[in-house]
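In my numbering, the protein residues as written are 60 to 234.
As structure tokens, the structure follows; a few thoughts come after it.
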């Protein structure tokens with residue numbers, strides 16, 4: 060099931076609300092900037108938050124309305140680069156940055172602000188981060204042209220079943 064959200068102006072940002080004809084949302088989303096949008100694509104076990112941020116520097120607060128988060132939580136960030144990515148709640152902060160080296164994506168990840176202690180592949184807090192082109196295939200260059208970054212958040216991040224998470228991003232390539 061795909062639930063599309065349209066922005067509604069708030070004093071501090073934008074809230075995502077269900078469009079007419081959609082079932083009530085399982086998430087309340089508030090973005091920092093007016094022109095940011097977040098579309099929710101959900102089924103029984105998975106949710107994908109599709110983020111579009113024309114300026115490239117912003118954040119969104121995603122609050123679950125159900126008792127628990129789906130088994131799989133992913134974000135699709137339509138950006139040209141990903142200098143900085145952060146997902147956090149009161150107990151855990153995960154950070155990442157993506158660059159390209161010799162035509163291959165290089166992803167750095169760390170936890171709780173400790174950039175000098177990168178996460179390895181065995182860490183339960185490592186997110187799966189892919190850099191994809193417009194065709195959905197692996198991208199090899201930055202800036203992305205009509206591509207996106209897909210981030211699947213680790214289950215360990217949700218062990219405390221937080222009511223809300225904050226997602227922040229910086230796209231170092233500006234329009």
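Here a beta-carbon is modelled for each residue, glycine too, at the ideal position from N, C-alpha and C.
Rounded to whole angstroms, the gap between the alpha carbons of residue 143 and residue 226 is 11 Å. Residue pairing by DSSP puts residue 197 in a beta bridge opposite 191. With contacts defined as CB atoms closer than 7 Å, residue 153 and residue 108 fail to qualify as a contacting pair. For residue 171, same chain residues with a beta-carbon under 6 Å away, outside a window of 5 residues either side, are 152 in chain order. Going by beta carbons, residue 188 and residue 210 fall inside the 7 Å limit. With contacts defined as CB atoms closer than 7 Å, residue 191 and residue 139 fail to qualify as a contacting pair. Annotation: the segment 129–208 contains no complete segment of the alpha helix (DSSP H) (minimum length 4 residues).
Annotation for residue 117: 90, 91, 92, 95, 228 place their beta carbon closer than 7 Å to its own, counting only its chain and skipping 5 residues before and after. With a threshold of 16 other beta carbon atoms within 10 Å, residue 208 meets it and is buried. In this structure, residue 132 keeps its C-beta atom at 7 Å or more from the C-beta atom of residue 166. Per DSSP, the unbroken beta strand (DSSP E) holding residue 87 starts and ends at 86–90.
For residue 118, the uninterrupted beta strand (DSSP E) run begins and ends at 116–123, by DSSP.
In this structure, residue 205 places its C-beta atom within 7 Å of the C-beta atom of residue 193. Nearest in C-alpha terms to residue 230, of all of 136, 103, 100, is 136.
Contact annotation: residue 85 and residue 126 have beta-carbon atoms that are not nearer than 7 Å. Of all alpha-carbon atoms in 145, 163, 195, the one lying nearest the alpha-carbon of residue 156 is that of 145. A straight-line Cα-Cα distance of about 17 Å links residue 102 and residue 122.
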